[in-house]
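Okay, structure first, notes after.
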Amino acid sequence: MKQHLQRQSGVANVDVSLIDGKVEVTPKEDGQIDPAGLLKATYDSGVSVAELDMTATGKIVKDTSGNLSLQVKPNQSFVISPNELSNGLEPLVDSATVVTVRGQLYKKPVGKQNKADASAPLKLLILEVKKE
Amino acid sequence: MNRKHLALLLLAGCAFVPQLEAQIRHVEMRVEGMT
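Top to bottom, those sequences are chains A and B. Its first residue numbered 18, the first sequence is counted upward by one per residue in our numbering. Its first residue numbered 27, the second sequence is counted upward by one per residue in our numbering.
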């Protein structure tokens, strides 16, 4: 799995902890990493992902459908799932302010019938807004 | 003329700085079935 992930573009380093099943991915400086690609690469290596969290810095924008999004690159943004923390980001929409957030991009659905779908669009559930 | 150039430089600087800072800094996954 480590080799699968290290082959992904924008990945600088992959740290795997077998004891607690934790995989930490460090992106390259100024590199564009694709979390959906990481999920797919992990599944392709035969390992199931229970949860994917990321810390990212970007601008708060609204997409064409009016959804609040975190834009990390001009061509890369993540739709934000509404919660209490995301409501606090509303005033920053389309401002030049950049914000660093920690959020959950993927969580394996609970229950036998809900199969995990790595191809589903990832939504960012904000867990923490970091003060810089 | 100089002031105009200075203002343009400042505007260009403001436009680029947030783009340089914006990036994914860290990704962490919890996985199952790893041996």
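Ideal placement from N, C-alpha and C gives every residue a C-beta, glycine not left out.
Please name the residue or residues paired with residue i in a DSSP beta bridge.
i      : result
A:N30  : A:T43
A:L109 : Looking at the DSSP assignment, A:L109 forms no beta bridge with any residue, so it has no partner.
A:V66  : B:V57
A:E145 : A:R119
A:S86  : A:V78, A:V96
A:T72  : A:R119, B:H52
A:K124 : A:E68
A:K140 : A:V96
State the Cα-Cα distance for the pair residue i and residue j, rounded to the nearest angstrom.
i      : j      : result
A:Q23  : A:V31  : 6 angstroms
A:Q25  : B:H52  : 14 angstroms
A:S103 : A:E145 : 9 angstroms
A:Q49  : B:R29  : 37 angstroms
A:P44  : A:L69  : 15 angstroms
A:I143 : B:M60  : 27 angstroms
A:I36  : A:V96  : 32 angstroms
A:T72  : A:Y60  : 21 angstroms
Which whole-angstrom value is the C-beta distance of residue i and residue j, which I expect to be below 8 angstroms?
i     : j      : result
A:G27 : B:V57  : So it is not a contact: roughly 20 angstroms between Cβ atoms.
A:T74 : A:V115 : 6 angstroms
A:K79 : A:V110 : 6 angstroms
A:V89 : B:A48  : 5 angstroms
Between residue i and the ligand SAH, is the CB less than 7 angstroms from at least one heavy atom?
i     : result
A:D37 : Within the structure as shown, the ligand SAH is missing, as the structure has no ligands at all.
Could you check whether the Cβ of residue i sits closer than 8 angstroms to any Cβ belonging to chain B?
i      : result
A:L141 : no
A:L35  : yes
A:G120 : no
A:S26  : no
A:V127 : no
A:D157 : Missing from the structure shown is residue 157 of chain A; chain A here goes from 18 to 149 and no further.
A:I50  : yes
A:A67  : yes
A:N30  : no
A:D70  : yes
Is there a Cβ of chain A sitting closer than 8 angstroms to that of residue i, yes or no?
i     : result
B:A33 : no
Determine which residues of the segment 92–116 of chain A have a Cβ less than 7 angstroms from any Cβ of chain B, and write them out in chain order.
A113, V115
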